[in-house]
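Residue numbering for the sequence shown follows the working numbering, starting at 9 and increasing by one per position. Beta carbons are placed, not taken as given, at the ideal position from N, Cα and C, and that holds for glycine.
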Amino acid sequence: MLGGINVIPKPGTVPLLADRTTPTIVLGAYVLHPAPGASSRPSYAAVVGSVDSDASKYVAITRAQQCRVEMIEDLTDMIAHVIKKSMQYRKEVEKKTDLGPRRILFYRESISEGQFKECKECEAPRIFSQYLSIPGGRSDRSGNAPAGLVVDRGITSPAYRPGHLCLTTNIQACDMAKQHYDPDGAYGSSDLDTTSQPNVESGTAGDVDGAFRFAFQPVHGNIG
């Protein structure tokens, strides 16, 4: 049904979406290119995004862009459109007070393995910039991450296990999080702990490359 809801996920099957304390937006993006040999026609980028708390009602937006350009040029504005619609729906229909998303799931179709790095460097920052710029949400008035933000898991180094702290508010410029190590643990310096990591292949426990190999987790269990 156009504009309606056909299916609502069973809470037990998708706990990530069922968590009402962490509002989530699910995004999907695709770029359609003209037929082979056509060079005067544009490519078309499309983004769909959920607006309700059950991730079952979606809005869509499309844009034309340069022929055969895979990275979505107007992704920033397209994501902003979806977030705005989501906040409007949560306020007017669901009568929520916590309007902005705290988690964004982004599914990207139509890119090859060789374009993963380009997508990560080009499109991911555009999504993150919109996440931080949510009114009354996660950024300060300069568009920086809020003071006191700590990142200590998930995207940190498997070798050094540091924490990243955005300590203060920068009034006029882009702020940079500072890197810290646990003074009470085995990571009080930049030297890798040589007692907590086992020997890895030909490297020793103090070998940074070995530590990365030890901590690496494949995407799928069948991948060595």
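- [ ] Determine the DSSP secondary structure at residue 74, reduced to helix, strand or coil.
- [x] coil
Task: Whole-angstrom distance between residue 65 and residue 12, CA atom to CA atom - done: 6 Å
Open item on the list: Does residue 138 pass the burial test, meaning 16 or more other C-beta atoms within 10 Å, or should it be called exposed?
Closed with: buried
TODO: Report yes if the C-beta distance between residue 279 and residue 131 is below 8 Å; otherwise report no.
DONE: Because the chain is modelled from 9 through 232, residue 279 falls outside the range shown and cannot be assessed.
Task: Rounded Cβ spacing between residue 59 and residue 103 (contact assumed at less than 8 Å) - done: With a Cβ gap of about 14 Å, residue 59 and residue 103 do not count as contacting.
TODO: Could you name the residues of the same chain whose beta carbon sits closer than 8 Å to that of residue 16, not counting the 5 residues immediately before and after it, in chain order?
DONE: 62 and 64
Open item on the list: If you follow the alpha helix (DSSP H) that residue 90 is in, where does it begin and where does it stop?
Closed with: 83-100
TODO: Could you tell me how far apart the beta carbons of residue 53 and residue 73 are, in whole angstroms, since I believe they sit closer than 8 Å?
DONE: 6 Å
- [ ] Give the DSSP-derived three-state secondary structure of residue 135 in the structure shown.
- [x] helix
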